[in-house]
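Input: a single structure, listed below in structure tokens.
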Amino acid sequence: MAPGRLEGKVAIITGAASGFGKGIAEKFANEGGKVVVADLSEESGTAVAKEVGGIFVRADVTKTADWEKLLAETLAAYGQLDIVVNNAGTTYTNKPTEEVTEAEFDLVMNVNVKSIYISTQVLVRYFTKEKRPGCFLTIASTAGTRPRPRLVWYNASKGAAITATKSLAVEYGPQQIRFNSVSPVFGITAMSHLFLGKPDTPENRAGFVATVPLGRPSTPEDVANACCYLASDEASFITGVNIELNIRNDTMSRCHFSFSWDCLIDVYFSGFQIIQRGAVDLSELPSRLPCSDSLWEAQSANAWAALKSRSPSRSQGAMLSNVLSSTISGRPLTEHVSMWGKRLCAQIIGRLLWDLKQLETLSTPEYCGLPSLFKSHQQSKAALLQGLDSLLSLMTEPCSTSDLVSYNISSLLCHYSHMYAADDIMDIILFIVRNVVSKGPSSDERLEMARQRLTAAFKADSKRARRLLWHAGQIVAVANEYLVSAPCEIMRLFMAYIFILTFAKYSSCPADHYDGVRIRLDVTSHHADQRKAVTEWIQQGGPAQIGSAQDVLVKASTSSITRDAHAMFQRLHSWGLAEKFAKILQCFENNER
2 MAPGRLEGKV
12 AIITGAASGF
22 GKGIAEKFAN
32 EGGKVVVADL
42 SEESGTAVAK
52 EVGGIFVRAD
62 VTKTADWEKL
72 LAETLAAYGQ
82 LDIVVNNAGT
92 TYTNKPTEEV
102 TEAEFDLVMN
112 VNVKSIYIST
122 QVLVRYFTKE
132 KRPGCFLTIA
142 STAGTRPRPR
152 LVWYNASKGA
162 AITATKSLAV
172 EYGPQQIRFN
182 SVSPVFGITA
192 MSHLFLGKPD
202 TPENRAGFVA
212 TVPLGRPSTP
222 EDVANACCYL
232 ASDEASFITG
242 VNIELNIRND
252 TMSRCHFSFS
262 WDCLIDVYFS
272 GFQIIQRGAV
282 DLSELPSRLP
292 CSDSLWEAQS
302 ANAWAALKSR
312 SPSRSQGAML
322 SNVLSSTISG
332 RPLTEHVSMW
342 GKRLCAQIIG
352 RLLWDLKQLE
362 TLSTPEYCGL
372 PSLFKSHQQS
382 KAALLQGLDS
392 LLSLMTEPCS
402 TSDLVSYNIS
412 SLLCHYSHMY
422 AADDIMDIIL
432 FIVRNVVSKG
442 PSSDERLEMA
452 RQRLTAAFKA
462 DSKRARRLLW
472 HAGQIVAVAN
482 EYLVSAPCEI
492 MRLFMAYIFI
502 LTFAKYSSCP
512 ADHYDGVRIR
522 LDVTSHHADQ
532 RKAVTEWIQQ
542 GGPAQIGSAQ
552 DVLVKASTSS
562 ITRDAHAMFQ
572 RLHSWGLAEK
582 FAKILQCFEN
592 NER
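My numbering puts the first residue of the sequence shown at 2, with every later residue one more than the last.
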């Protein structure tokens, strides 16, 4: 039997005697985790602890002494702590804001906000002292991002919890302590009647549920599934995220969340990053893409219904299979696809390309010894890359910041896919960089052979080499225009600079180089004149500028390339990641002369 996703982990869950907390405790235990049930209700809390095979600790989350007791009893029972779920919460009866008493205000703020402050004060010290990675999860609410009238101070408390989570993630990321939040939509719990301001009946719920795009309340299972993912190693590089649970099932949640976060990443490669395959299988994706952005962002059920009546063709997303088939085969799209939907399609194609690459690697003699799959995959790879190019051409006119984000992420993915799909060139480059950075200027036979192979590859097909250099330059162009400062995007920018730097060192620029076309590669190719110039340059060659490097095809440009990369990474902040990449580039420049 395979180990659970939380095997070997210990979690404190507050408010775990009922509702969402109980659901989280049951899920964590089913996934192999050890659970500490913290609650004011001894009878219910003890029963849940017995059910999940954990321990119960009576705790008032608004008191420092109780948090200290929680930590002490957790360590006494299990010897460690890995996960903290701040689930305990409260509200007051739905009513006009001027009728909310000071006592009700204080209770909401103490339980929903102060408890997070105290848990951080007590437990972060444990994680930092022990130099132990930690995971904090806060159960917030969609009320914190889309507030409703009459529950003003409850909304404010959840907004504060979400903001605190994001701030803590930035502050403690370097210590490997992650902070994320989960925001359920209206759910069926013991507090439902308070949110409604009247008895919890299907009829009374209808007004709340009508504003949920997928037509049902959230459940403890929905919240528990999201928490389990965020607490597991699958999310080891996810921090500062607020997941809003207002969708139909776990499959849809995985699609919209995991693919929106660019199929996830893990960190390996001698201390710096390489993208890894995401945890979500393509067979788990829903059959339809998200509906149009205007419907998705509707502020109320009435607004949603009005928009739907005016654009019925956009009331549900296009069929995923139809969009992918048309895109890859070069046929025009017959259904409306939002910018977000196109971005998801681009990420799916990127996943397919990654899978083909892995199959090619595993078929080699040093692994399975199978016949090479490289030639048989060429037609498929070409069609997938053409599909990416086609999608990108449909996204060049973003109308909002969210559209721009979708375009830029898709653009980075497209250009990076062209780079890593090109035989084993990126593999050779990564081998060289990893060895030079980790071992210094000393050389060995394998490293020298890799250098020779890379030089030969650039020389054997100079047009392809220049095309790949253009793709790397376009990644820099996107970063110059508007970079989404997320780990995957920063990693792709880093890989682009690595390619540009190694190209300058190993491309063996010919003597008649300056007779060709002069071009700038870090300018986006939106206009026909620029695209024509790029095509001529790829065919004929010539000097190529990226940033302050007047010609990246000559070895003397490497210092300028490294300086530009360092300046670019200084603008970005992602838990020390950009800084780390800048140091790697500088180390490679210093050691590889």
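C-beta atoms are modelled at their ideal positions from N, C-alpha and C, and glycine is treated no differently.
Beta carbon of residue i, beta carbon of residue j: below 7 Å?
| i | j | result |
| --- | --- | --- |
| Val1 | Cys228 | Outside the shown range of the chain (2 to 594) lies residue 1, about which nothing can therefore be said. |
| Ile426 | Ala461 | no |
| Cys136 | Ile84 | yes |
| Asn243 | Ile163 | yes |
| Glu490 | Leu413 | yes |
| Thr143 | Val186 | yes |
| Ala141 | Lys159 | yes |
| Arg493 | Ile476 | yes |
| Asn591 | Gly441 | no |
| Asp523 | Ala478 | yes |
| Tyr399 | Leu405 | Going by the sequence as given, residue 399 is Pro instead of Tyr. A contact, by the Cβ cut-off of 7 Å. |
| Gln177 | Pro148 | no |
| His419 | His337 | no |
| Ile119 | Ala165 | no |
| Glu600 | Val112 | There is simply no residue 600 to check, as the chain begins at 2 and stops at 594 in what is shown. |
| Leu321 | Ser327 | no |
| Ser561 | Ala550 | yes |
If you compare alpha carbons, which of the options is closest to residue i?
| i | options | result |
| --- | --- | --- |
| Thr525 | Ala505, Gly548 and Pro544 | Gly548 |
| Glu235 | Tyr118, Val62, Leu124 and Arg6 | Arg6 |
| Ser558 | Val477, Pro185 and Leu502 | Leu502 |
| Glu52 | Ile25, Glu74, Thr63 and Ser168 | Ile25 |
| Val621 | Ala529, Lys64, Ala583 and Asn591 | In the structure as shown, the chain begins at 2 and stops at 594. Residue 621 is therefore absent and cannot be evaluated. |
| Arg390 | His337, Arg332 and Thr94 | Going by the sequence as given, residue 390 is Asp instead of Arg. Residue Arg332 is the option with its Cα nearest to Asp390. |
| Pro566 | Ser326, Ala529, Leu586 and Asn111 | The question names Pro, but residue 566 is Ala in the sequence shown. When only C-alpha atoms are compared, the closest one is Leu586. |
| Gly20 | Glu8, Val49 and Pro4 | Val49 |
| Gln541 | Arg467, Glu245 and Gly54 | Arg467 |
| Glu361 | Ala347, His378 and Arg352 | His378 |
| Ala225 | Glu27, Gly543, Tyr498 and Ala473 | Glu27 |
| Leu169 | Met320, Thr121, Leu231 and Ala487 | Thr121 |
| Gly9 | Ala232, Cys346 and Met320 | Ala232 |
| Gly241 | Lys167, Ala307, Gly174 and Phe495 | Lys167 |
| Tyr421 | Asn95, Ser443 and Ile499 | Ile499 |
| Asp428 | Ala568, Met496, Glu69 and Gly145 | Met496 |
| Leu354 | Pro175, Ser444 and His416 | His416 |
Quick one: residues in its chain with C-beta nearer than 7 Å to the C-beta of residue i, no 5 flanking neighbours on either side, listed in chain order?
| i | result |
| --- | --- |
| Asp513 | In this prediction, Asp513 has a pLDDT of 48, which is less than 50 and means its spatial position is unreliable; what the coordinates show is noted afterwards. None. |
| Ala39 | Ile13, Ile14, Thr15, Ala17, Val58, Ala60 and Leu71 |
| Cys588 | Val438 |
| Ile410 | Asp263, Arg344, Val485 and Glu490 |
| Gly318 | Arg289, Leu290, Pro291, Cys292 and Gly342 |
| Tyr127 | Leu72 and Leu82 |
| Ala579 | Ile491, Phe570 and Leu573 |
| Val125 | Tyr173 and Ile178 |
| Gly145 | Asn156, Lys159, Gly160, Ala162, Ile163 and Ser184 |
Identify, in the order they occur along the chain, each residue of the same chain with its Cβ nearer than 8 Å to the Cβ of residue i, setting aside the five sequence neighbours on each side.
| i | result |
| --- | --- |
| Arg452 | Ile433 and Tyr507 |
| Phe270 | No answer about Phe270 holds up, because its pLDDT of 35 lies below 50 and its placement is not dependable. |
| Glu172 | none |
| His527 | Thr397 |
| Glu74 | Val37, Ile56 and Val58 |
Using DSSP bridges, identify the partner residues of residue i.
| i | result |
| --- | --- |
| Ala12 | Val36 and Ile84 |
| Asn243 | Ser182 |
| Leu138 | Val86 and Asn181 |
| Val58 | Ala39 |
| Ala545 | Ile520 |
| Val289 | The residue you asked about is not Val; residue 289 is Arg in the sequence shown. Answer is Met320. |
| Ala550 | Ile547 |
Give every residue of the same chain whose Cβ lies closer than 6 Å to the Cβ of residue i, excluding the five residues on either side of it in the sequence, and list them in chain order.
| i | result |
| --- | --- |
| Gly46 | Ala18, Val38, Asp40 and Phe57 |
| Trp262 | Here Trp262 scores only 48 on pLDDT, less than 50, and its place in the model should not be relied on; the value that follows carries that caveat. Within the same chain, Trp262 has no close Cβ partners at all. |
| Gln546 | Arg521 |
| Asp67 | Ala60 and Asp61 |
| Val11 | Lys35, Tyr79, Gln81, Leu82 and Asp83 |
| Phe106 | Trp154 |
| Leu470 | Phe504 |
| Ile539 | Lys464, Arg467 and Arg468 |
Exercise. Do the stretch 146-159 and the stretch 82-89 make contact, defined as three or more Cβ pairs closer than 8 Å?
Worked result: no
Exercise. Is it a yes or a no for the stretch 383-390 touching the stretch 445-463, going by three-plus beta-carbon pairs under 8 Å?
Worked result: no
Problem set entry | Stretch-stretch touch, CB-based, cutoff 8 Å, three pairs: the stretch 73-83 with the stretch 28-38 | yes
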